[in-house]
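Each residue of the sequence shown is one higher than the one before, starting from -14 at the first, in the working numbering. Note that the Cβ used here is the ideal one computed from N, Cα and C, for glycine as well.
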Amino acid sequence: MEGTEPQTPSCISVLPQDVLLEILFLVRDFYSEQHKTEFCHDAAAVSSSWRELLHSTPLWWNDLYVPFPTNLDLIRRHLTLGKETTLRLELSEPDVISAASDLVDLITPHLKRCWYLSFEGEVDDDTAFHLTGSILSHPDLLLRHLTFNITGGTSEEVNITTLFPTWKALATLRLGGSIITHLKSPMPQITRLHLSRGYEREKISFPTFGKILLLCPSLTLLALYDDILSYHSDVADQHITHTHLESILILGNMLNASEFLVYVDAPNLRELVIAPVVAGDFRRLEDLPLSACQNKFQSLTKLTLGPAYRQALTRCHKASHYFPNVETLVFANVYPIQFKKMFTRMPELFPNMKHLGVTGVRDAFLPIVLDLAEMRKEQFEGVAVRLERLSIDSESYEDMRSVVERNEERLGRLGLEVVCADLWEEQRLEAMHNKSKGLFVGRSEPDTDSDTDET
């Protein structure tokens, strides 16, 4: 038609296919698991050329999230397009999925390529357990990761736990709800175990927990959530030893954190995370001779703390006595004034700390760390090692980039490197219940000069 200007192709439409694919995969990774599946299909609907490209790329379809309500046609298409690659499969609220038997029929032929399975939701009847039981009983499962966080009482879940030992490739097991009380079979292949009580507030006693721990002799990482352990004074003198444990995560409001730290002996423990943390989380350690406590945690070199409130941070100085070999200290959240007061009074805290990691800080925090580094270098040489690295989360680092650049000369003189690293975020994303960023950290309150310190 006259007067119509010829259209200029967009830049992205003329990109080589391998470059376009790389960009699309990068964009896909920005989406949460709950929205990644939807994005995969939306991208394929942009144009015929994109559809042809993505439909011929099995790896694009290697991740499937099944929500409520579910679209069986979309699931069928997704599974078919990715049939030549491994599969990461998540099901949410499986008790309310309509046509559950049809869903099982769709999924079953693809289970042999499934390395990751996740079932999460709150149930009111046995539907979820019939659904998950049908899937998990498949004989060809080669699972490496299983999350089973379905809360609600039913006898069906008891049988599911007997399947765990049969999956020889299973390394990561994350369980929530009353299913945790039915772990009785040895699981020598498990290296990472997460236990959460779920909505029904199921707890396990310390002796029962000890038995579960011994069922997993190869365990290197243990994560416990909320108030999952039931403590009784009868076990005050009991201990359980696990020689392979390297990482322990205590996440949520565990009232028996200090009892747990005394109960478990892990001579090769290298990493401990407590978030949120309060002063009471160390109270039972005070009952031990200091030398015995330090010997108990002699291998611990990385400690992550999430102070539940401002005064809790000032109490963290006790952790320095119990864990003197910590080289990397990470704060999931920081109250700057309390941090400054604590380290100004006691710069020699954590005498072996070379690396400090923080999240959610502002420009004013850098001078505090610079002063700390200077005191440790010039006044406490021989008592505390020099601070070598400060890691700041990516969001804060972008805001602080200019103040870091202005202090380059002083940083160089102190030998202190400032880097962008999401140390706490990486730990948080490996945990269960990771959809809320603030779930495991203290209240976010602005510090003021009138804040009082607890002595």
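- Contact check for Leu214 against Lys188 passes: the beta carbons are separated by less than 8 Å.
- Counting only the Cα atoms, Ile225 lies some 37 Å from Arg330.
- When the five nearest sequence neighbours on each side are left out, the beta carbons in the same chain lying within less than 6 Å of the beta carbon of Arg61 are those of Leu91, in order along the chain.
- In the structure shown, the three-state DSSP call for Pro336 is coil.
- DSSP places Ile8 in the uninterrupted alpha helix (DSSP H) bounded by 2 to 15.
- Residue state for Glu107 is assigned as strand, using DSSP reduced to three classes.
- Only exposed fits Gly367, as fewer than 16 other CB atoms lie within 10 angstroms of its CB.
- At the C-beta level, Val370 and Lys339 come within 8 Å of one another.
- A distance below 8 Å separates the beta carbons of Glu18 and Glu75.
- The three-state secondary structure of Pro171, taken from DSSP, is coil.
- Between Leu288 and Ala260, the C-beta spacing is not below 8 Å.
- When DSSP states are grouped into helix, strand and coil, Ala208 belongs to the strand group.
- In the three-state DSSP reduction, Trp100 falls in the strand class (E or B).
- Under the rule that a run must span 4 or more residues, the alpha helix (DSSP H) segments found entirely inside the segment 245 to 311 read 275 to 281, 295 to 299, 302 to 307.
- Annotation for Met327: Leu298, Thr299, Cys301, His302, Leu334 place their beta carbon closer than 8 Å to its own, counting only its chain and skipping 5 residues before and after.
- 8 Å or more divides the Cβ of Leu49 from the Cβ of Lys97.
- When secondary structure is reduced to three states using DSSP, Ile213 falls in the coil class, being assigned neither helix nor strand.
- Non-local beta-carbon contacts of Gln323 in its own chain, meaning distances under 6 Å to residues more than five positions away in sequence, involve Arg295, Leu298, Thr299 in chain order.
- For the set Pro54, Val89, Tyr101, Leu66, the Cα lying nearest the Cα of Glu78 is the one of Pro54.
- Counted as a single uninterrupted DSSP element, the beta strand (DSSP E) harbouring Ile135 occupies residues 130 to 136.
- One thing to note: Thr176 has its Cβ no nearer than 8 Å to the Cβ of Ala208.
- In this model, His179 and Arg347 are separated by some 33 Å (Cα to Cα).
- Comparing alpha-carbon positions, the option among Ser103, His418, Val51, His95 lying closest to Thr70 turns out to be His95.
- Contact between Asn310 and Thr344 fails: their C-beta atoms lie close to 23 Å from each other, not under 8 Å.
- His130 is a Cβ neighbour of Tyr101, given a cutoff of 8 Å.
- Counting the other Cβ atoms within 10 Å of the Cβ of Gln364 gives fewer than 16, which makes it exposed.
- Secondary structure at Leu357: helix, using DSSP grouped into helix, strand and coil.
- Within the segment 381 to 428, the runs of beta strand (DSSP E) that reach at least 3 residues and sit entirely inside it are, in chain order, 402 to 405.
- Per DSSP, the continuous beta strand (DSSP E) segment holding Glu75 begins and ends at 72 to 77.
- Within a 10 Å sphere around the beta-carbon of His217 sit fewer than 16 other beta-carbons, which makes this residue exposed.
- Around the beta-carbon of Val262, 16 or more other beta-carbon atoms lie within 10 Å, marking it buried.
- If you check the CB distance, Ser181 and Asn134 come in under 8 Å.
- For Gly161, the pairing in a beta bridge is given by DSSP as Asn134, Ser181.
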